[in-house]
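Counting with our numbering, you get residues 44 to 333 for the letters of the sequence shown. Scroll down for the structure; my scribbles are underneath it.
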Amino acid sequence: MCSGTAGMWRSGVLHVAAMVRRLIGPALKISRGADMIKAAFFDIDGTLVGFKTHRVAESTWRAIELMHARGVRVVIASGRCVAEMQEELKGVFDAYVTMNGQLCFDERGTYRDAHIDDADVRVLVEQARAGLYDLYVMQGVRSFVNNRGPLVVELGRQVGLDYEVGLLDMAYELPVYQFNVFGGPEVEDVFLSKTEHVVATRWNKLFCDVIPAEGGKDFGVRATLERLGLPPDEAIAFGDGENDLTMFDAVGTSVAMGNAWDVVKNRATHITTDVDDDGIWNACVELGII
44 MCSGTAGMWR SGVLHVAAMV RRLIGPALKI SRGADMIKAA FFDIDGTLVG FKTHRVAEST
104 WRAIELMHAR GVRVVIASGR CVAEMQEELK GVFDAYVTMN GQLCFDERGT YRDAHIDDAD
164 VRVLVEQARA GLYDLYVMQG VRSFVNNRGP LVVELGRQVG LDYEVGLLDM AYELPVYQFN
224 VFGGPEVEDV FLSKTEHVVA TRWNKLFCDV IPAEGGKDFG VRATLERLGL PPDEAIAFGD
284 GENDLTMFDA VGTSVAMGNA WDVVKNRATH ITTDVDDDGI WNACVELGII
């Protein structure tokens with residue numbers, strides 16, 4: 044089965060499961076309160092961090108503090124690598140699911156490490172070298188873009204990052220955990236038609252994330268829950284983008300931010316207010332977690 048077909052099958056099955064949870068979610072709201080939730084997973088951009096200030100709201104920090112006080116493990120689950128994270132996010136969470144689940148670690152060390160197949164890395168690097176798209180390379184200890192084109196500059200403005208430029212040959216020196224391919228949906232077939240072991244997902248219209256076919260936030264979340272010794276029903280996830288959909292399917296309760304894409308709201312068991320309107324705090328209060 045090719046990666047595209049496998050991805051479509053997996054997406055369909057997970058969609059049905061999410062619809063069932065969405066239907067029964069309201070009935071379970073009371074039981075999934077402070078005594079039920081033992082782990083909380085947070086996307087960063089558009090969820091923890093607002094697009095206006097590029098910082099975590101005071102109400103969100105207060106919610107996290109109260110969850111911690113009640114013994115809830117709080118976990119970052121982001122498409123970002125550690126180098127891209129805001130300083131205020133580093134070292135304060137119980138675990139980090141980074142680069143859409145490909146590299147996961149906590150204070151005890153790394154517990155998931157899944158990089159992109161070398162042959163597929165070569166396809167994307169050489170297509171970028173041919174000028175088919177700008178490419179952001181994420182290697183865990185370092186990340187760089189081959190060209191600071193208009194889409195790259197605009198994304199940097201949106202998320203508050205100044206992307207470092209590097210030589211494409213650097214992609215061959217260390218394992219690549221994730222690529223960002225800049226362009227609309229039409230660019231995805233350019234590389235998917237030439238690769239065998241990767242899939243594409245989005246949380247922004249300017250680019251897509253490229254990760255291993257056997258990868259995604261759901262893999263990182265499941266690895267984290269296994270490490271914590273917790274079942275999915277005792278976990279909650281907060282997100283706003285398409286790359287959060289599989290994460291939602293890996294937990295018992297899922298919360299879409301008010302600013303989330305419609306497809307994300309349709310798959311969540313709960314919808315809260317915008318990230319810049321105390322969305323996480325409001326959800327935690329309504330669900331009885333704090």
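C-beta: ideal position from N, C-alpha, C; glycine also. Quick caveat: nothing in here was measured; it's all calculated off a predicted structure.
Item checked: Sequence-distant residues of the same chain with beta carbon closer than 6 Å to Ala106, five excluded per side -> As a working mapping, residue 106 is identified with position 63 in the sequence shown. Excluding the 5 residues flanking it on each side, Ala106 has same chain C-beta neighbours closer than 6 Å at Ile323, Trp324, Cys327 and Ile333, in chain order.
Next item on the list: Can you tell me which of Glu285, Phe262, Gly272 and Met300 puts its alpha carbon nearest to the alpha carbon of Cys147?
Entry: In the sequence shown, residue 147 corresponds to position 104, counting from 1. Nearest C-alpha to Cys147: Phe262.
Next item on the list: Taking Asp283 as the reference, give the member of Val298, Asp320, Asn223 and Leu273 with the closest Cα.
Entry: The residue labelled residue 283 in the question sits at position 240 within the sequence shown. Checking every option, the nearest Cα to that of Asp283 belongs to Val298.
Next item on the list: Starting from Phe250, follow its DSSP beta bridges and name the residues at the other end.
Entry: One-based indexing of the sequence shown puts residue 250 at position 207. DSSP, once it has assigned bridges, lists Phe225 and Asn247 as partnering Phe250.
Margin query: Taking 7 Å as the limit between beta carbons, can you name the residues of its chain near Asp137, skipping five residues before and five after?
Written below: As a position in the sequence shown, residue 137 is number 94, starting the count at 1. Once the five neighbours on either side are set aside, the close Cβ partners of Asp137 are Arg116, Val117, Val118 and Asp149.
Note to self: Taking the straight line between their C-alpha atoms, what separation do you get for Leu217 and Val180?
What the structure shows: Numbered from its first residue, the sequence shown carries residue 217 at position 174. Numbered from its first residue, the sequence shown carries residue 180 at position 137. Looking at the two C-alpha atoms, the distance is approximately 10 Å.
Margin query: Quick check for students: name the residue ranges of the beta strand (DSSP E) that lie wholly in the stretch 269 to 319, counting only runs of 3 or more.
Written below: Runs of the beta strand (DSSP E) inside the stretch 269 to 319: 278 to 282 and 296 to 299.
Notebook entry, point to check: When you compare only the Cα positions, how much space is there between Asp321 and Gly331?
Noted result: Mapped onto the sequence shown, residue 321 falls at position 278. Mapped onto the sequence shown, residue 331 falls at position 288. For Asp321 and Gly331, the gap between their C-alpha atoms comes out near 16 Å.
Notebook entry, point to check: Among Glu239, Arg310 and Lys237, which residue has its Cα nearest to the Cα of Asn286?
Noted result: Taking the first residue of the sequence shown as position 1, residue 286 is located at position 243. Of Glu239, Arg310 and Lys237, the residue nearest in Cα terms is Arg310.
Checklist line | Limits of the unbroken alpha helix (DSSP H) element including Gly199 | finding: Within the sequence shown, numbered from 1, the residue matching residue 199 stands at position 156. From DSSP, the alpha helix (DSSP H) with Gly199 extends over Pro193 to Val202.
Next item on the list: Using three-state DSSP, classify Val168 as helix, strand or coil.
Entry: What you label residue 168 is simply residue 125 of the sequence shown in a count that begins at 1. Of the three classes helix, strand and coil, the one that applies to Val168 here is helix, per DSSP.
Margin query: Considering Cα atoms alone, identify which of Gly174, Glu229 and Met300 is closest to Val318.
Written below: On the sequence shown, residue 318 is found 275 positions in, with the first residue counted as 1. Nearest Cα to Val318 within the set Gly174, Glu229 and Met300: Met300.
Checklist line | Straight-line Cα distance separating Ala82 from Arg266 | finding: As a working mapping, residue 266 is identified with position 223 in the sequence shown. As a working mapping, residue 82 is identified with position 39 in the sequence shown. Contrary to the premise, residue 266 reads as Ala rather than Arg in this sequence. Those two C-alpha atoms are separated by around 13 Å.
Next item on the list: Under 7 Å Cβ to Cβ from Arg191, same chain only, skipping five residues before and after it: list those, please.
Entry: Stepping through the sequence shown from its first residue, residue 191 is reached at position 148. Closer than 7 Å at Cβ, skipping near neighbours: Tyr206 and Val208.
Checklist line | Per-residue burial, Ser236 [other beta carbons within 10 Å of its own, 16 or more giving buried] | finding: Stepping through the sequence shown from its first residue, residue 236 is reached at position 193. Exposed is the call here.
Next item on the list: Could you work out which residue in Asp163, Tyr139, Gly272 and Arg155 is closest to Val242 when comparing CA atoms only?
Entry: Residue mapping note: residue 242 aligns to position 199 of the sequence shown, counting from 1. Scanning Asp163, Tyr139, Gly272 and Arg155 for the CA closest to the CA of Val242 turns up Asp163.
Note to self: The alpha helix (DSSP H) that contains Asp232, what's its start and end?
What the structure shows: Looking up residue 232 in the sequence shown gives position 189. For Asp232, the enclosing alpha helix (DSSP H) starts and ends at Glu231 to Leu235.
Item checked: Opening and closing residue of the alpha helix (DSSP H) in which Cys124 lies -> Locating residue 124 in the sequence shown gives position 81, counting from the first residue. Element bounds for Cys124: n/a, residue is neither H nor E.
Note to self: I need the DSSP call for Tyr139, collapsed to helix, strand or coil.
What the structure shows: As a first step, residue 139 must be located in the sequence shown, where it is residue number 96. In this structure, Tyr139 counts as strand in the three-state DSSP scheme.
Next item on the list: Might you give, ordered along the chain, the residues of its own chain that have their beta carbon closer than 6 Å to the beta carbon of Ile314, omitting 5 neighbours on each side?
Entry: Taking the sequence shown and counting its residues from 1, the one referred to as residue 314 is at position 271. Around Ile314: Ala299 and Lys308.
Check: Excluding sequence positions up to five away, which residues of its chain have a Cβ less than 7 Å from the Cβ of Leu273?
Finding: Here the question's residue 273 lines up with position 230 in the sequence shown. The residues are Lys81 and Ala82.
Margin query: Once DSSP output is grouped into helix, strand and coil, what is the label at Asn325?
Written below: On the sequence shown, position 282 is the one that residue 325 refers to. Residue state, collapsed to three classes: helix.
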